Amino acid sequence: MGYVPIGGVGWGIGDVFIGIFAVVAMAMVALSMARPQQPSTSPIPIISYENEGVNFDGSYKWSYETANEIRAEETGFVKNLGVADQETQVAQGSYSYTDPEGNKIALTYIADENGFQPVGSHIPTPPPIPVEILKSLEYNAAHPEENEGAGSAPQPAYNKPGRTY
């Protein structure tokens, strides 16, 4: 008696080739779907580009402009060069572009020991302080004696540690 697989059904050589063909075909479809897609837009040309540095003193300068009116520039230097524990890298620059709604966005900035400080008309600003709050702050500043002890937390009191029986 020859080989009989479980269930009594055997695989012929043709069945194996069909299975291998199906696996290879599915792999080819998967690979073709996974290929990188082509960019949906054409590349934007760079009109100008300049780059100087970084120099030995820590200074540098770069700028660029693209055909779709994106502009950026930055200069940097080391403040307090050679003074131990006081050297600070400073970067100042600007950039501008047109947003999707057609508005011109322009921003200037400085980054130094005080952090990044952007300036631009598109940056949100906080609402003004209400008049009542301003009056209250002015009154508190004019009458500091009334503020002593106000709002301070009470000192905690603890029981003396001891044994309990």
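Going by full-length UniProt numbering, the first residue of the sequence shown is number 1, and it counts up by one from there. No residue lacks a Cβ here, since even glycine has one placed at the ideal position from N, Cα and C. Keep in mind that this is a model prediction, so the values were computed, not measured.
Between the alpha carbons of residue i and residue j, how many angstroms are there, rounded?
i, j, result
"residue 82", "residue 126", "40 Å"
"residue 140", "residue 98", "47 Å"
"residue 60", "residue 53", "4 Å"
"residue 68", "residue 47", "9 Å"
"residue 128", "residue 40", "45 Å"
"residue 96", "residue 55", "26 Å"
"residue 18", "residue 38", "34 Å"
Check the C-beta distance from residue i over to residue j and give it rounded, since I have them as a contact under 8 Å.
i, j, result
"residue 74", "residue 91", "6 Å"
"residue 119", "residue 107", "7 Å"
"residue 78", "residue 57", "6 Å"
Helix, strand or coil for residue i, going by three-state DSSP, please let me know.
i, result
"residue 63", "strand"
"residue 78", "strand"
"residue 32", "helix"
"residue 24", "helix"
"residue 48", "strand"
"residue 105", "strand"
"residue 54", "coil"
Would you give the residue range spanned by the beta strand (DSSP E) that residue i belongs to?
i, result
"residue 158", "That residue, residue 158, is in no beta strand (DSSP E); it is neither H nor E in DSSP."
"residue 145", "It is not in any beta strand (DSSP E) - residue 145 carries neither H nor E in the DSSP assignment."
"residue 69", "Run containing residue 69: none; DSSP gives neither H nor E here."
Could you spell out the range, first to last residue, of the alpha helix (DSSP H) harbouring residue i?
i, result
"residue 114", "Per DSSP, residue 114 belongs to no alpha helix (DSSP H) and is neither H nor E."
"residue 96", "Residue 96 -> not in any alpha helix (DSSP H); beta strand (DSSP E) instead, spanning 88 to 98."
Buried or exposed: which applies to residue i, given that a residue is buried once 16 or more other Cβ atoms fall within 10 Å of its Cβ?
i, result
"residue 76", "buried"
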